[in-house]
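> Going down the list, the sequences are from chains L and D. The opening position of the first sequence corresponds to residue 1 in my numbering, with each subsequent residue numbered one higher. The opening position of the second sequence corresponds to residue 287 in my numbering, with each subsequent residue numbered one higher.
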Amino acid sequence: MNLDILIFTEQIEVLNFQMACSGYIFDIKKYSVNDGPGIRTTVFLKGCPLVCTWCHNPESQRNEPEEIENCSFRWNLHADHSKKNTVGAKIYVDEVIREIEKDRMFYEESKGGVTFSGGEPMLQLEFLSSVLTECRTRDIHTAIDTTGYAPFADFERIYDSTNIFLYDLKLMDEELHFEFCGVPNKLIHENLRKLAELGGKVILRIPVIPTITATEKNINSMIEFISSLKNIREIDLLPFHNTAKSKYERMKRLNKVAELIPPTDDYMNELKNRFSLLNIPVKIGG
Amino acid sequence: MTERINKLRRQSLDAIPTMSYERAQLLTEFYKSGEPGKHSVPVVRAMAFKYILEHKELCINDGELFVGEKGPEPKATPTYPELCIHSKDDLEILHNREKVWFKSSDETRNVILNEVAPFWNGKSIREKILAEVDEEWRDAYKAGIFTEFMEQRAPGHTVGDDKIFRKGMLDFKKEIEEELGKLDFYNDKEAFAKREELRAMNIAADAIMLFAKRYSAKLFDLAAKEKDTQRKNELETMAGICQRVPANAPRTMWEALQYYWFIHLGITTELNTWDSFNPGRLDQHLQPFYKRDLESGLVTEEFAKELLHSFWIKFNNQPAPPKVGVTAQESNTYTDFCLINVGGVTEKGEDATNEMTYILLDVIEEMRLLQPSSMVQVSKKNPDRLLKRALKIIRTGYGQPSIFNTDAIIQELTRQGKSIIDARCGGASGCVEAGAFGKESYILTGYFNIPKVFEITLNNGFDPRTQKQIGLQTGDPTTFKTYDEFYSAFEKQLNHFVDIKIKGNIIIERIYAQYMPAPFMSILIDDCIKKGKDYNAGGARYNSSYIQGVGLGTITDSLSSIKYNVYEKKNLTMSEMLELLKSNFENKKDLRDKLFFETPRYGNDDDAADNLTRQVFESYFAAIDGRPNTKGGHFRVDLLPTTCHVYFGSVLGATPDGRYAKEPVSEGISPVQGADVHGPTAVIKSASKIDHLRTGGTLLNQKFTPNFLSTDDGIEKVVNLIRTYFRLDGHHIQFNVVNAELLKEAQKHPEKYRDLIVRVAGYSDYFVDLGIDLQNEIINRTEHMSF
Chain L
1 MNLDILIFTE QIEVLNFQMA CSGYIFDIKK YSVNDGPGIR TTVFLKGCPL VCTWCHNPES
61 QRNEPEEIEN CSFRWNLHAD HSKKNTVGAK IYVDEVIREI EKDRMFYEES KGGVTFSGGE
121 PMLQLEFLSS VLTECRTRDI HTAIDTTGYA PFADFERIYD STNIFLYDLK LMDEELHFEF
181 CGVPNKLIHE NLRKLAELGG KVILRIPVIP TITATEKNIN SMIEFISSLK NIREIDLLPF
241 HNTAKSKYER MKRLNKVAEL IPPTDDYMNE LKNRFSLLNI PVKIGG
Chain D
287 MTERINKLRR QSLDAIPTMS YERAQLLTEF YKSGEPGKHS VPVVRAMAFK YILEHKELCI
347 NDGELFVGEK GPEPKATPTY PELCIHSKDD LEILHNREKV WFKSSDETRN VILNEVAPFW
407 NGKSIREKIL AEVDEEWRDA YKAGIFTEFM EQRAPGHTVG DDKIFRKGML DFKKEIEEEL
467 GKLDFYNDKE AFAKREELRA MNIAADAIML FAKRYSAKLF DLAAKEKDTQ RKNELETMAG
527 ICQRVPANAP RTMWEALQYY WFIHLGITTE LNTWDSFNPG RLDQHLQPFY KRDLESGLVT
587 EEFAKELLHS FWIKFNNQPA PPKVGVTAQE SNTYTDFCLI NVGGVTEKGE DATNEMTYIL
647 LDVIEEMRLL QPSSMVQVSK KNPDRLLKRA LKIIRTGYGQ PSIFNTDAII QELTRQGKSI
707 IDARCGGASG CVEAGAFGKE SYILTGYFNI PKVFEITLNN GFDPRTQKQI GLQTGDPTTF
767 KTYDEFYSAF EKQLNHFVDI KIKGNIIIER IYAQYMPAPF MSILIDDCIK KGKDYNAGGA
827 RYNSSYIQGV GLGTITDSLS SIKYNVYEKK NLTMSEMLEL LKSNFENKKD LRDKLFFETP
887 RYGNDDDAAD NLTRQVFESY FAAIDGRPNT KGGHFRVDLL PTTCHVYFGS VLGATPDGRY
947 AKEPVSEGIS PVQGADVHGP TAVIKSASKI DHLRTGGTLL NQKFTPNFLS TDDGIEKVVN
1007 LIRTYFRLDG HHIQFNVVNA ELLKEAQKHP EKYRDLIVRV AGYSDYFVDL GIDLQNEIIN
1067 RTEHMSF
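#1: Check whether chain D comes within 8 Å of Ile301/L, counting only Cβ atoms and requiring the distance to be less than that.
#2: Could you pull the start and end residues of the alpha helix (DSSP H) that Val445/D belongs to?
#3: Does the beta-carbon of Tyr501/D have 16 or more other beta-carbons within 10 angstroms, so that it is buried, or is it exposed?
#4: Excluding the 5 residues preceding and the 5 following Trp75/L in the sequence, name in chain order all residues of the same chain whose CB lies nearer than 6 Å to its CB.
#5: Does any residue of chain L have a CB that is nearer than 8 Å to the CB of Asp891/D?
#6: For chain L, find out if any of its Cβ atoms is closer than 8 Å to the Cβ of Gly1016/D; answer yes or no.
#7: Assuming Gly630/D and Gly716/D make a contact with CB atoms under 8 Å, what is their CB distance in whole Å?
#8: Is it right to say Pro669/D is buried, meaning 16 or more other beta carbons lie within 10 angstroms of its own, or is it exposed?
#9: Mark His341/D as exposed unless 16 or more other C-beta atoms lie within 10 angstroms of its C-beta, in which case mark it buried.
#10: Just checking: is the beta-carbon of Arg1009/D within a distance shorter than 8 Å of some beta-carbon in chain L?
#11: So what does Thr984/D bridge to, in DSSP terms?
#12: For Ala535/D, tell me which candidate among Ala509/D, Phe806/D and His571/D has the shortest Cα-Cα distance.
#13: So, are the CB atoms of Gly918/D and Asn851/D less than 8 Å apart?
#14: So, does the CB of Phe73/L fall closer than 8 Å to a CB anywhere in chain D?
#15: Could you please tell me which residues of the region 37-54 of chain L, in chain order, have their CB closer than 9 Å to any CB of chain D?
#16: Could you compute how far the alpha carbon of Ile411/D sits from the alpha carbon of Val386/D?
#17: Looking only at its own chain, which residues have a Cβ that is under 7 Å from the Cβ of Ile7/L, when we skip the five neighbours before and after it?
#18: Can you list, in chain order, the residues of the region 96-126 of chain L whose Cβ is nearer than 7 Å to any Cβ on chain D?
#19: Run down chain L in chain order and give the residues with a C-beta less than 8 Å from the C-beta of Arg1013/D.
#20: Pick out the complete alpha helix (DSSP H) segments inside the region 207-237 of chain L, 4 residues or longer, and give them in chain order.
#21: Out of Val43/L, Cys55/L and Asn34/L, point me to the one whose CA is closest to Phe180/L's CA.
#22: Quick check: is the beta carbon of Asn1006/D nearer than 8 Å to any beta carbon in chain L?
#23: For Ala895/D, decide whether its Cβ has a neighbour in chain L, counting only Cβ atoms nearer than 8 Å.
#24: Would Tyr167/L count as contacting chain D if we go by Cβ distances under 8 Å?
#25: Please confirm whether Glu556/D and Met863/D have their CB atoms less than 8 Å apart.
#26: Using a Cβ-Cβ cutoff of less than 8 Å, which residues in the same chain neighbour Asn279/L once the five nearest sequence positions on both sides are dropped?
#27: Helix or strand or just coil, what does DSSP make of Ala714/D?
#28: Where His78/L and Arg136/L are concerned, what is the direct C-alpha to C-alpha distance, given to the nearest angstrom?
#29: How is Asn691/D classed by DSSP in three states: helix, strand or coil?
#30: Give the C-beta separation of Ser117/L and Ile158/L to the nearest angstrom, bearing in mind that I take them to be a contact with Cβ-Cβ under 8 Å.
#31: What's the gap between the Cα of Ser831/D and the Cα of Phe921/D?
#32: What does Tyr159/L reach in chain D if we use C-beta pairs closer than 8 Å?
#33: Sorry if obvious, but does the Cβ on Phe388/D come closer than 7 Å to a heavy atom of the ligand SAM?
#34: Quick one: Cα of Gly349/D to Cα of Lys361/D, how far?
#35: Please state the DSSP three-state secondary structure of Thr752/D.
#36: May I ask you to verify whether the region 478-488 of chain D touches the region 507-526 of chain D, counting CB pairs closer than 8 Å and requiring at least 3?
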């Protein structure tokens, strides 16, 4: 057999393998305007190693599809109008790509693209990597919204096919991190340092949760930590909001932050000023 | 805003819309005088026009900078008995109805019922129309298949171009005289008709000059008595202006605006033309005057704005003519659809934005009035600054300005055969209608209820509401084996009703051409003078007749439900579907929800549904586009509803997309309220799957919560959204930036929300003035809140 043809056949097989690869997602949101630059489509992958107290996507946490009341507006391949809806569905790479492609014109006009969020997208590495590679081939800008809680080798594997990492920074104190997020923070912080060293692809995302992350001590330690990092592109301060309240109720889960009051604009601006001293662009909101 | 403007604006807002008998009485006096019997129809119409302007009361409001009202005072609204006579019941309804009312005094009732009506009974155009159309037309009309624009108002959809800013009435008279001189009675069989039309134009030109002179004299009188020196000076200046225009071409911005205002009053006094005339590309017309005035020190930016403020208030003082019956339902608003255009391109195709563009946008934001409506034309050549400025007004939540794609409009007009220059100098008027300003008569003839035709198909030609066989017998749908078979039956019905509508239109066009010429308007629209032909008889350079399709979302989703649930998934049989619809889903809520939520629906960028949108569009287009009208032009399609989607829904039973009987159908090309669940990009993608460039306008409504536009970044992204829609050839997009909660609050406590203005469909209106159905419909339009 001619060598060229052999290589060609192999490529097709690789492609088929990639397209045949599937993952679990729980939503695809179009006109996503707070998850990276421009107009984006955000694909929400299901499953998360962290259980953050303030999580506004509690339906993202479990790996498998689950039931939630009244969720007709969620992305669902097997639409069911009944009161109880299944959140999460298996989806193939080609299906995701087809959805992503639909808004190509908007990405091109706005310099936007696609964001993979979750949950923790790194948890479904094979699926994620295949979709990212395909997006790269199609010249679609990609971002990953990550907790950072994954082996660094995994980040290295997808590094080249990812344009931007939206990297969460939550609690600097190891014990508090374990208490409020369910995992230790050492790996997260080490990964962040290494990822930042690889180049300017990191945007830090800091959830501002009153009494939890928005404490003097935590903010100070964060500023100190960030000042030791290289190449940080931007810092996004994300104010806590109560929009997940009804989700917790419908999922019959305990909402530990139900009574928490969102931070004031004044406070957010004050924080913005403080982080700005790092000489990194700071934004309120995504 | 100056103190004076504040006061005038308040007065305009507080003025009570009333019926005015003045015009009707003067008209009747003239027709009773015996004069009409001696002259040709156009000349009589011109003489009547002159008689009214000679005798109508003059109105000069305290502090205003422009003079002239349609009635004897602001919001005193004239009637047009030669077209439509108001009966005792009509007056009663107009007086007492909950929304869009017009109060009438005992005196008004007395004059209208005892002097006016008896004379016009049997002679009005409305009566002629209803007598001349066929039985099948009347049946379809009663069933709510279509509406008829010309049964209470005259054709007239057109907009001014730059000619009035270059020529005075004396110049037009010269042109008229020249054409009269050129008439060839030996070889031109139309020479006599032309002579009468041109003579009529001549009289009409005299009439408007006379009217201005009367104002001039009165202003001089007032100036002589005025104690306040500043006002005295103003009155003298205004008197001078009214002496100069419209007889001569204007020299200053003040003259130009007063000139336009006389034209506006002339056209809307001559007849109650559909869609009040408007100055069109106002930033283009005013910029040279503004620049010159600024240089010579005649105006400052502040004073230029004050002039514009005062000018804006004049529009707001003129409610649309009082409408009754179906006409009131299809266009239930005080707004008379005067749509000011800013932006776009020059005749050479370059970016047309200028200082005046941004000044006018400031004025629009500051005035926050219902009228005039406003829009920005956005070409790929216009800077983002224009769009951003517009969005900053839109986000304040009063639905203005709407946003149009200049590049699409130009292609639409050139496809219809207009020259590229005429197309570039055009724009959109009314709600969303593309037109060659100053050169085209583009008549909207009536709305067409596409989902109703679907219902008739389901019933083999029978209308369940009026209990009459009004359509063709296209077959019992339970015998159709495939979706295609079903669709071809629908298409046959569609063609059948379009034929009925077009036949009616042709009759009505000729009725207006013969009995109701508009010589004054004809002066202003090329090439009526040159052709010696009236605007209503084909005198314009371009003549288009539109039939406006309504319910694209509802028809798509209904077809989709039949295709998906009956033929593909076989979730239910056709007979079961028919039973279900007949019962209005009674005790079958689960099944109804299944249809509503599981059918592929328009507005989600899902080809399973959107291919059917394309299919319906193509059928509708093929049925209408290119068929000849009586004026040398053609029938065209556009897709917009004003408030007709509410009326059309009210005559329609339950539909297979889970819509309950009598609920509104979808409006414009927007998805069914609540059917779009994938956000604005998906809506835009779906909406761009029909070929906008083969229409004369489409209307897409989007609702955003205010937080989407609260930051510069948010505005930037909406700019991107619009630019993408326009790259996809989208014609128009409008935004309601308002919380559903606020609207619900306003429903509960209307007294607290008198000032709340929302976008309806191609125009804005006071929310509390809308009927409850329409209020709910606006609340239910998907609010793109969180993604």
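Think of the CB as a built atom: it goes at the ideal place given N, C-alpha and C, for glycine as much as any other residue.
Let's see:
#1: Beyond the ends of chain L as shown, which are 1 and 286, falls residue 301/L; an answer cannot be given.
#2: Translated into the one-based positions of the second sequence, residue 445/D becomes position 159. Looking at the DSSP string, Val445/D is not in any alpha helix (DSSP H), and its letter there is neither H nor E.
#3: As a first step, residue 501/D must be located in the second sequence, where it is residue number 215. Buried, since its Cβ has 16 or more Cβ neighbours within 10 Å.
#4: In the first sequence, counting from the first residue as 1, residue 75/L sits at position 75. Since pLDDT at Trp75/L reaches only 42, below the 50 mark, its modelled position is unreliable, and the value read off the structure follows with that caveat. For Trp75/L, where only same-chain residues beyond five positions count, the Cβ hits under 6 Å are Asp27 and Ile28.
#5: Here residue 891/D refers to the residue found at position 605 when the second sequence is read from its first residue. Yes, Asp891/D lies at the interface with chain L (some Cβ there is under 8 Å from its Cβ).
#6: The sequence position of residue 1016/D within the second sequence is 730, counting from 1. Chain L contact via Cβ: absent.
#7: In the second sequence, counting from the first residue as 1, residue 630/D sits at position 344. In the second sequence, counting from the first residue as 1, residue 716/D sits at position 430. No, Gly630/D and Gly716/D are not in contact; Cβ-Cβ is about 17 Å, not under 8 Å.
#8: What you label residue 669/D is simply residue 383 of the second sequence in a count that begins at 1. With fewer than 16 Cβ atoms within 10 Å of its Cβ, Pro669/D is classed as exposed.
#9: The residue given as residue 341/D occupies position 55 in the second sequence. Per the 10 Å Cβ criterion, exposed.
#10: The residue given as residue 1009/D occupies position 723 in the second sequence. So, interface residue.
#11: Along the second sequence, one-based indexing puts residue 984/D at 698. Paired residues: Leu925/D.
#12: Numbered from its first residue, the second sequence carries residue 535/D at position 249. Nearest option by C-alpha distance: His571/D.
#13: Mapped onto the second sequence, residue 918/D falls at position 632. Mapped onto the second sequence, residue 851/D falls at position 565. No, these two residues do not count as a Cβ contact at 8 Å.
#14: Position 73 of the first sequence, counted from the start, is the residue given in the question as residue 73/L. Here Phe73/L scores only 41 on pLDDT, less than 50, and its place in the model should not be relied on; the value that follows carries that caveat. With 8 Å as the cut-off, Phe73/L counts as an interface residue toward chain D.
#15: Gly38, Ile39, Thr41 and Thr42
#16: By 1-based counting over the second sequence, the position of residue 411/D is 125. By 1-based counting over the second sequence, the position of residue 386/D is 100. The straight-line gap from Cα to Cα measures roughly 24 Å.
#17: On the first sequence, position 7 is the one that residue 7/L refers to. Only weak support is given to the placement of Ile7/L: the predicted model assigns it a pLDDT of 49, under 50, and the value that follows is read from those uncertain coordinates. Cβ within range, chain order: n/a, list empty.
#18: Lys102, Asp103, Met105, Phe106, Glu109 and Ser110
#19: In the second sequence, counting from the first residue as 1, residue 1013/D sits at position 727. Chain L residues near Arg1013/D: Met105 and Glu109.
#20: 216-227
#21: Numbered from its first residue, the first sequence carries residue 180/L at position 180. With distances taken between Cα atoms, Phe180/L lies closest to Cys55/L.
#22: Your numbering for residue 1006/D matches position 720 in the second sequence. Yes, because at least one Cβ of chain L sits closer than 8 Å to the Cβ of Asn1006/D.
#23: The residue given as residue 895/D occupies position 609 in the second sequence. Ala895/D does not count as touching chain L.
#24: Within the first sequence, numbered from 1, the residue matching residue 167/L stands at position 167. Not an interface residue.
#25: As a working mapping, residue 556/D is identified with position 270 in the second sequence. As a working mapping, residue 863/D is identified with position 577 in the second sequence. It is not a contact, given that the beta carbons lie outside the stated cut-off.
#26: Within the first sequence, numbered from 1, the residue matching residue 279/L stands at position 279. Result list for Asn279/L: empty, nothing under 8 Å.
#27: As a working mapping, residue 714/D is identified with position 428 in the second sequence. If DSSP states are grouped into helix, strand and coil, Ala714/D belongs with the strands.
#28: On the first sequence, residue 78/L is found 78 positions in, with the first residue counted as 1. On the first sequence, residue 136/L is found 136 positions in, with the first residue counted as 1. Because His78/L sits at a pLDDT of 40, beneath the cut-off of 50, its placement in the model cannot be relied upon, and the point is left open.
#29: For the purposes of this step, residue 691/D is identified with residue 405 of the second sequence, where counting begins at 1. The answer is strand: DSSP assigns Asn691/D an E or B state.
#30: Here residue 117/L is taken as the residue at index 117 of the first sequence, counted from 1. Here residue 158/L is taken as the residue at index 158 of the first sequence, counted from 1. 14 Å between Cβ atoms; not a contact.
#31: Indexing the second sequence from 1 puts residue 831/D at position 545. Indexing the second sequence from 1 puts residue 921/D at position 635. Cα to Cα, Ser831/D sits roughly 5 Å from Phe921/D.
#32: On the first sequence, residue 159/L is found 159 positions in, with the first residue counted as 1. Neighbours of Tyr159/L on chain D: none; closest Cβ ~27 Å, over 8 Å.
#33: Inclusion of the ligand SAM in the displayed structure is not the case, the ligand content being empty and no account of it being possible.
#34: Start at 1 with the first residue of the second sequence, and residue 349/D comes out as number 63. Start at 1 with the first residue of the second sequence, and residue 361/D comes out as number 75. Their backbone Cα atoms lie some 17 Å apart in a straight line.
#35: Your numbering for residue 752/D matches position 466 in the second sequence. In the structure shown, Thr752/D sits in coil (DSSP, three-state: anything other than H, G, I, E or B).
#36: no
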